[in-house]
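Shown next, in structure tokens, is the structure this report addresses.
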Amino acid sequence: MSGLSVLAIGCLLFWPSGVKRSFGGFCGSMFVVGAGLSTLETAADPFLAICGPPRYSEVRLNLAQAVQGVGSFVAPLLAARVFFRHAESEAGLTNVQWTYLAVACFVALLIVLFALVPMPEITDADMAEQETEIVGEDVGPLRKQYNLFLGVWSQFWYVGAQVAIAGYFINYCIEAGKTSTQGSDLLAIAQGLYAANRFIAAGLMTISFFRPRFMLAAYLGMCAVFSIAAMNTQGDAGIALFIMIFVFESCCFATIFTLALRGIGRHTKRGASFLVSAISGGAVVPPMMGAVVTAHNAHFAMIIPFMGYVLAYAFPIYVNFFNKDAMDSHRETDLNVIPREGAGGEKEAGVVEERENNAAPPASAGKE
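Listed below in structure tokens is the structure:
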């Protein structure tokens, strides 16, 4: 709710910025909007990963990220072709003000909705008890959570490569003989395929054969393969190979996030904050790629995201060869999936239900 509140305030600030014709005001408003969105994602991703049956963590977060991907695909098209077609004119500026006011009203409606709907609060003790029930022992101190730290490492380099790929796609298309407008349209197609394949990946993960650790290894590996292929291919074929990188990037972020949180019990919340902070890789790798683009060209610069994917691949190697038992024990558990008998003989299921007597929630987020 805090993130939504900051987002709503940022959207409302666009109105006085438009009235005053203040470029600085628009920049400040956008900064506040960004702060709200980052706060929202920091809270939402860990919640989706841990609030529910452990075996479906990857499915939940991939579905949520798929919806986000649809927004990333649709929003620029609506902005360019509907809402902000004539933003340089007086009428266009008015459209900007009304658009952001409408967004602020919608966000305010979401705040009211979340305030009325009872949301479970998950504590470190809840996560510790759930983990003990799955593996039968305490997870140990934070410094020994090697799975988490490798996940943070992988997320840092993966996000850096992902942002670099998206940022220099149009440059690559121009070198391949396209105009900037054609490059923008191709980028929209790539983002659409990216969003669609997130739904496909989430569906595949519901099938026992397609274990998340297998899919992460395959998808991240294909990102590296297509990066080096696009680096050495010219023309339309190179663009097609580049677009395939978007396709295989689809499930990587959410799957790294959830696999890195598996098996860390009471450290889950802190671990989630580390994983969210790893998104800072998106501020490190793109300047490196930009420097290579300036010194050479966009094709040669594909070596930078390729190296990012290679560095990120340390985590799939670890979870598939050194920590697969821990990954699979969470994947195969029926905790919070199959109803169990409660103390009074009644059937129990779900994460946390609102008690009729408004009693405190149960001790374990995985028990109800």
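Going left to right, the sequence shown walks through residues -21 to -1, 1 to 347 as mature numbering (1 follows the signal peptide of the UniProt record, and there is no 0) numbers them.
Backbone N, C-alpha and C define an ideal beta-carbon position, used for all residues, glycine too.
Supposed contact pair residue j and residue i - C-beta distance, whole angstroms, cut 8 Å
| i | j | result |
| --- | --- | --- |
| isoleucine 90 | alanine -14 | 7 Å |
| alanine 291 | tyrosine 137 | 4 Å |
| threonine 18 | serine 51 | With 8 Å as the limit, threonine 18 and serine 51 do not qualify as a contact, their Cβ atoms being about 19 Å apart. |
| leucine 127 | glycine 250 | 5 Å |
| valine 131 | alanine 257 | 5 Å |
| glycine 139 | glycine 261 | 6 Å |
| arginine 177 | serine 259 | Not confirmed; about 23 Å, so no contact. |
| valine 86 | tyrosine 173 | With 8 Å as the limit, valine 86 and tyrosine 173 do not qualify as a contact, their Cβ atoms being about 25 Å apart. |
| valine -16 | valine 11 | 6 Å |
| alanine 280 | valine 271 | 4 Å |
| serine 8 | glycine -12 | 6 Å |
| glycine 242 | alanine 305 | 4 Å |
| leucine 254 | alanine 239 | 6 Å |
| isoleucine 149 | serine 163 | 6 Å |
| serine 36 | threonine 158 | Serine 36 to threonine 158, Cβ: 43 Å. No contact. |
| glycine 13 | leucine 72 | Not a contact, Cβ separation roughly 21 Å. |
| alanine 94 | leucine -10 | Actually they are not in contact, since the Cβ atoms of alanine 94 and leucine -10 sit about 18 Å apart, beyond 8 Å. |
| glycine 15 | leucine -18 | 7 Å |
| proline -6 | glycine 4 | 7 Å |
Residue i (DSSP reduced to helix, strand or coil)
| i | result |
| --- | --- |
| alanine 155 | coil |
| asparagine 211 | coil |
| valine 96 | coil |
| cysteine -11 | helix |
| arginine 190 | coil |
| proline 295 | helix |
| glycine 31 | coil |
| serine 229 | coil |
| phenylalanine 85 | helix |
| serine 8 | helix |
| serine 163 | helix |
| leucine -18 | helix |
| threonine 78 | helix |
| threonine 18 | helix |
| phenylalanine 26 | helix |
| phenylalanine 2 | helix |
| threonine 185 | coil |
| asparagine 150 | helix |
| asparagine 302 | coil |
| alanine 322 | Residue placement at alanine 322 cannot be trusted, given a pLDDT of 43 that sits under 50; what the coordinates show is reported in the next sentence. Alanine 322 falls in the coil class under three-state DSSP. |
Limits of the alpha helix (DSSP H) - the one that residue i falls within
| i | result |
| --- | --- |
| glutamine 134 | 125 to 146 |
| phenylalanine -8 | -8 to -3 |
The ligand ADP heavy atom lying under 7 Å from the CB of residue i
| i | result |
| --- | --- |
| glycine 139 | This structure lacks the ligand ADP, and indeed carries no ligand of any kind. |
(message) Three Cβ pairs or more, each shorter than 8 Å: is that satisfied between the region 15 to 27 and the region 149 to 167?
(response) No, they do not touch.
(request) Could you tell me whether the region 231 to 245 touches the region 32 to 42, using the rule of 3 or more Cβ pairs below 8 Å? (result) For the pair of segments examined, the region 231 to 245 was found to touch the region 32 to 42: the number of CB pairs separated by less than 8 Å reaches three.
(request) Kindly confirm or deny that the region 188 to 201 and the region 70 to 84 touch, where touching means at least three C-beta pairs closer than 8 Å. (result) Contact between the region 188 to 201 and the region 70 to 84 is absent, because fewer than three Cβ pairs lie under 8 Å.
(request) Take every Cβ of the region 202 to 218, pair it with every Cβ of the region 276 to 285, and state whether three or more of those distances are shorter than 8 Å. (result) In short, these stretches touch, since the Cβ pair count reaches three.
(request) Report yes or no: do the region 158 to 171 and the region 218 to 228 share at least 3 C-beta pairs separated by less than 8 Å? (result) Judged by Cβ distances under 8 Å, the region 158 to 171 makes contact with the region 218 to 228, as three or more pairs qualify.
(request) Report the residue ranges of all alpha helix (DSSP H) runs contained in full by the region 239 to 284; include only those spanning at least 4 residues, in chain order. (result) Uninterrupted alpha helix (DSSP H) stretches at least 4 residues long and entirely within the region 239 to 284 occur at 247 to 256 and 264 to 274, given in chain order.
(request) Evaluate contact between the region 243 to 251 and the region 210 to 218, counting only Cβ atoms and requiring at least three cross-stretch pairs below 8 Å. (result) These segments do not touch.
(request) Pair every Cβ in the region 292 to 306 with every Cβ in the region 175 to 195, then say whether three or more of these pairs are closer than 8 Å. (result) Verdict: yes, contact present.
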